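To start, the structure under review is shown below, and the notes come after it.
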Amino acid sequence: MNPLENIRVVLVDPKYAGNVGSICRVMMNMGITDLALVAPHKDLDWEEARKLAYSAEDMLGQLKIFKTLEEAVADCTVVAGTSARTGFYRDHAYLPREIAPVVLDSAVHHKAALVFGREDKGLFNEEIAVCTHIINIPSSELYRSLNLSHAVMICCYELFLLANNPSYVPPAECSPEADGKMRERLYETWSAMMLETEFCEKEKLDHMMLGLRRIFSRGKLTVNDARILLGVAKQTRWVAAELERLRTEK
Ligand code: SAH
Numbered sequence: 387m388n389p390l391e392n393i394r395v396v397l398v399d400p401k402y403a404g405n406v407g408s409i410c411r412v413m414m415n416m417g418i419t420d421l422a423l424v425a426p427h428k429d430l431d432w433e434e435a436r437k438l439a440y441s442a443e444d445m446l447g448q449l450k451i452f453k454t455l456e457e458a459v460a461d462c463t464v465v466a467g468t469s470a471r472t473g474f475y476r477d478h479a480y481l482p483r484e485i486a487p488v489v490l491d492s493a494v495h496h497k498a499a500l501v502f503g504r505e506d507k508g509l510f511n512e513e514i515a516v517c518t519h520i521i522n523i524p525s526s527e528l529y530r531s532l533n534l535s536h537a538v539m540i541c542c543y544e545l546f547l548l549a550n551n552p553s554y555v556p557p558a559e560c561s562p563e564a565d566g567k568m569r570e571r572l573y574e575t576w577s578a579m580m581l582e583t584e585f586c587e588k589e590k591l592d593h594m595m596l597g598l599r600r601i602f603s604r605g606k607l608t609v610n611d612a613r614i615l616l617g618v619a620k621q622t623r624w625v626a627a628e629l630e631r632l633r634t635e636k
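No gaps in the numbering here: position 101 of the sequence shown is 487 in the numbering used here, and each next residue is one more.
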């Protein structure tokens, strides 16, 4: 399987049709054809998109549209979000060149995603939270943020280069990795556990979960890892419920 075929480019809430068209073209240039839009602007000028796609118009007919980012990446293992900003929840950012082997290795056996934000506001913190990795493209402090289609090009170019490098050896053995749907189930169960055991107050939960998401994304999260972590949370919630029952029976 050509891993480039397993890579999905996800555009969150794109505003300008010209960018969507240009992105169809850069993706085809780099051999990546799975494009998904999340809640695109309702007045997107598809004719304008067609013009800029030039010879890649077919991609416009094939693109998938989702309501939420979670749905767009539900079947993806590695989900690499891009951000012009660093710091706060966006530290531990990788260079496109550093992340390329992580994405490509996963894409040999699974679906993987590159996520790009709105032209004006980028990705919101809750969208960054859905990503397993963050990519930052180094740029001049004179003007940090790149045009959306240029950012897509740089990330896809690194993947194309690596996939076509004769010294790239794809991983042979495949331990199934947890996809977006399983990861979200894991985080929901852990959130509930942390509240029910009073490990953390409701107001601090979002912050705590962002930290946990980072921890669980630091290495490869296999389906078996996720099952163990789900099991721990399930049992802990059961014990917490029993304790609560004993407390109220007294
Ligand atoms: N003002 C926004 C910039 C949005 S640019 C912000 O501060 O985030 C639109 C999108 O292009 C971004 O969401 C990101 O996906 C991509 N992008 C632009 N510049 C980038 C950079 N230097 N590194 C990584 N992605 C970048």
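By construction, the Cβ of each residue, glycine as well, lies at the ideal position given by its N, Cα and C atoms. A quick note: this is a predicted structure, and the numbers were derived from the prediction, not measured.
query: Sorted by chain position, which residues of the same chain lie with C-beta nearer than 7 angstroms to residue 488's C-beta, five sequence neighbours on each side aside?
result: 464, 519
query: Should residue 650 be listed as close to the ligand SAH, given that the test is whether its C-beta is under 8 angstroms from any heavy atom?
result: An answer regarding residue 650 cannot be provided, because it is not within the stretch 387 to 636 covered by the chain.
query: Which one or two residues does DSSP pair with residue 519 in a beta bridge?
result: 466
task: Starting from the C-beta of residue 577, find all residues in its chain whose C-beta is less than 8 angstroms away, skip the five residues before and the five after it, and write them out in chain order.
output: 591, 595
task: Check each candidate in 411, 600, 555, 451 and name the one with the smallest Cα separation from residue 543.
output: 411
query: What is the rounded straight-line gap between the Cα of residue 393 and the Cα of residue 621?
result: 36 angstroms
query: Quick one: is residue 440 buried, meaning 16 or more other Cβ sit within 10 Å of its Cβ, or exposed?
result: exposed
- request: Could you tell me whether the Cβ atoms of residue 532 and residue 521 are closer together than 9 angstroms?
  value: no
field: Cβ-Cβ distance between residue 396 and residue 459 below 9 angstroms
entry: yes
task: Could you check which residue in 472, 468, 512 has the C-alpha nearest to that of residue 499?
output: 468
- prompt: By the 10 Å Cβ neighbour count, where 16 or more other Cβ atoms means buried, how is residue 558 classified, buried or exposed?
  reply: exposed
query: At a cut-off of 8 angstroms, is residue 503 close to the ligand SAH when judged by its beta-carbon and the heavy atoms of the ligand?
result: yes
query: Does the beta-carbon of residue 627 have 16 or more other beta-carbons within 10 angstroms, so that it is buried, or is it exposed?
result: exposed
task: Please report the residue range of the beta strand (DSSP E) in which residue 423 lies.
output: 420–424
query: Would you say residue 530 touches the ligand SAH, meaning its beta carbon is less than 8 angstroms from a heavy atom?
result: yes
message: Taking 8 angstroms as the cut-off, is the C-beta of residue 610 nearer than that to any heavy atom in the ligand SAH?
response: no
Per DSSP, cross-strand counterpart(s) of residue 480: 521
- prompt: Using the C-alpha atoms, what's the distance from residue 422 back to residue 515?
  reply: 19 angstroms
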